[in-house]
Structure formats: structure tokens, C-alpha cells
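Notes follow the structure.
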Amino acid sequence: EVQLLGSGGGLVQPGGSLRLSCEASGFSFSDYVMTWVRQAPGKGLEWVSSIRVPGTTTYADSVKGRLTISRDNSKNTLYLQMNSLRAEDTAVYYCAKGGRSYGLKDFWGQGILVTVSS
Amino acid sequence: NFMLTQPHSVSESPGKTVTISCTGSGGSIASNYVQWFQQRPGSAPTTVIYEDNQRPSGVPDRFSGSIDSSSNSASLTISGLKTEDEADYYCQSFDNNNEGVFGGGTKLTVL
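The listed protein sequences derive, respectively, from chains A and B.
The working numbering puts the first residue of the first sequence at -16, with every later residue one more than the last.
The working numbering puts the first residue of the second sequence at 37, with every later residue one more than the last.
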């Protein structure tokens, strides 16, 4: 059974940092593209970032230079390092499993709440 | 920039068939796979269609997806509507720079 277990959210002040984690199980993690998606309160889904198997990364313009996606295939874990956080980064963050060659396919994590507020 | 546009809301009666459209602009929708996600209130999204027209295990065959290159659009069709299908539905794809794009979402009401 595929599972994506997210952790690391919470309340952080503007300008602060946070690291989200997503531990994967039930599939060969190192073979698949992984993606972060977020959803601000009352809003739609927004693609944040994807990371391919060799480590190639892509980012939404709204997060470039502040959020960094990474993966540790030995730990089956996906990360999102979030720096210089802004109020508009407040959202539920989802990790999601992609296909072997593209970023979003068939399984989602439960969501991690990040609140940026003073 | 590649964008996907969905109707804000659709409604239909139980047992009927509804189709939700997803129109691409700024690029060809056929260039990359289209996915469809269902999101019920307070829950994480789940995939109902991937790779244009494939259903994950466990998704009933009442859900189907298609691509129409002539209109540069994708469609999600749900037949035999059930009240449990009431949810928000999002189409999604990637542009040629491998950057993700979501449609704005469609609220499906089954009444």
C-alpha cells in the first residue's frame, strides 16, 4: 500500500524558516518524480515544485529562491525547505507521487498545515 | 504562459452524466499528460484520472477522461452521478518547461 506521510508544519513568523518532510512507503521511491502542491485557505490547488529522479528541480515563480525541494532516496523521504516565509505562503502543503517521467500521478499525502503569521 | 481554464461550477441530478471541461491556452494541451483530481471538503485531493484517460485502481469506470486537440481541451466525464461525487475537481498538466499548471477547479453539485 502506497503511503505518503507528511510532517514538519506549524506556525512561523514572517521571514522565518520551516522544513517539511514526506516519508514514502509502498513503492520504489527512487524511481519516481515527486511534487509539492499547496492550497491556501479557501483557494484552489497550486503547484509548488517537482524533483526528478536524478535530482533536477523545477519551481513555481512565486517560490523561486525561497523554497528548496530535495529528496533522500536512502530514506525514502521528500523535503521542502522553506525560507524567507511570507503571509501568502500560508497553506496546506501536499506531497504527491508522480510518474517515472512527470510530476503528478496517483497518490497524495494527507497535507501539512503551514501558517505564517506574527 | 500555459494556462488551464475550468468552469467555476456545474450541477446535475443523480444518475445523470456530467462533463467538466478544461481548456488550455498558451500551448497545446496534447503536449503533456492531463490529470484530474477530486477533492472533497476537508480532505486531501485524490486522483481520478491520470495520463489523459487512465483510472487509478479503485476509481469506478463511471469516471473517464479525454483530450480534444481541435479545441485544445480536456474533459472529465462522470456518468451515473452519485451524491458522493459532489466535490471540487481540478485538471492539471505540465508545460514544456516541466512547470506544473492547475485549472482553477470546478465545484460539482449533485442535486
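Ideal Cβ positions, reconstructed from N, Cα and C, are used throughout, including at glycine.
Remember, it's a predicted structure, so these values are computed and weren't measured experimentally.
Nearest CA to the CA of A:Ser8: which residue from A:Val(-5), A:Ala79, A:Leu(-6)? As a working mapping, residue 8 of chain A is identified with position 25 in the first sequence. Nearest of A:Val(-5), A:Ala79, A:Leu(-6) to A:Ser8, Cα basis: A:Ala79.
Just the chain A side, please: which residues come within less than 9 Å of B:Pro92 by C-beta, in chain order? The sequence position of residue 92 of chain B within the second sequence is 56, counting from 1. Neighbours of B:Pro92 on chain A, chain order: Lys88, Asp89, Phe90.
A:Tyr42 - partner residues in DSSP beta bridges: Stepping through the first sequence from its first residue, residue 42 of chain A is reached at position 59. Its beta-bridge partners are A:Ser32.
Okay, do the segment 55 to 71 of chain B and the segment 45 to 53 of chain A touch, 3+ Cβ pairs below 8 Å being the bar? Touching, no.
If the cut-off is 9 Å on Cβ atoms, which residues from the segment -10 to 11 of chain A count as contacting chain B, listed in chain order? Within the segment -10 to 11 of chain A, contact with chain B at the beta-carbon level (separation under 9 Å) is assigned to no residue.
Between which residues of its own chain and A:Gln22 is the CB-CB distance below 6 Å, once the five residues before and five after are set aside? For the purposes of this step, residue 22 of chain A is taken as the residue at position 39 of the first sequence. Excluding residues within five positions, the ones whose Cβ falls inside 6 Å are Leu28, Ala74, Val75.
Can you tell me whether B:Ser129 is buried or exposed, with buried defined as 16 or more other CB within 10 angstroms of its CB? Within the second sequence, residue 129 of chain B is the residue found at index 93, counting from 1. The residue in question, B:Ser129, is buried, as its Cβ has 16 or more Cβ neighbours within 10 Å.
Chain-ordered chain B contacts of A:Gln(-14) [CB-CB under 7 Å]: Working through the first sequence from its first residue, we reach residue -14 of chain A at position 3. Going along chain B, no residue has its Cβ under 7 Å from A:Gln(-14), so there is no contact; the nearest lies around 12 Å.
For A:Val(-5), I'd like the list of residues in its chain whose CB is within less than 6 Å of its CB, leaving aside the five on either flank, ordered along the chain. Mapped onto the first sequence, residue -5 of chain A falls at position 12. The answer, listed in chain order, is Leu1, Leu68, Val99.
Are the segment 43 to 52 of chain B and the segment 95 to 104 of chain B in contact at 8 Å, needing three or more beta carbon pairs? Judged by Cβ distances under 8 Å, the segment 43 to 52 of chain B makes no contact with the segment 95 to 104 of chain B, as fewer than three pairs qualify.
Tell me, please, whether the CB atom of A:Thr98 is closer than 8 Å to any CB atom in chain B? Here the question's residue 98 of chain A lines up with position 115 in the first sequence. Judged by the 8 Å Cβ criterion, A:Thr98 is not in contact with chain B.
Classify B:Leu112: buried if its beta carbon has 16 or more other beta carbons within 10 angstroms, exposed otherwise. Reading the second sequence from its first residue, position 76 is the one you call residue 112 of chain B. Taking all protein chains shown into account, B:Leu112 has 16 or more neighbouring C-beta atoms within 10 Å of its C-beta and is therefore buried.
Would you call the CB atoms of A:Ala43 and A:Ser57 closer than 8 Å? If you number the first sequence from 1, residue 43 of chain A lands on position 60. If you number the first sequence from 1, residue 57 of chain A lands on position 74. No. Outside cutoff.
With DSSP run on the structure shown, which of helix, strand or coil describes B:Ser111? Taking the first residue of the second sequence as position 1, residue 111 of chain B is located at position 75. If DSSP states are grouped into helix, strand and coil, B:Ser111 belongs with the strands.
Who pairs with B:Leu40 in a beta bridge, going by DSSP? Within the second sequence, numbered from 1, the residue matching residue 40 of chain B stands at position 4. DSSP output for B:Leu40 lists B:Gly60 as bridge partner(s).
Between A:Gly94 and the rest of its own chain, which residues show a CB-CB distance below 6 Å, the 5 nearest in sequence each way excluded? For the purposes of this step, residue 94 of chain A is taken as the residue at position 111 of the first sequence. If we look at A:Gly94 and ignore the five residues flanking it on each side, its Cβ neighbours are Val75, Tyr77.
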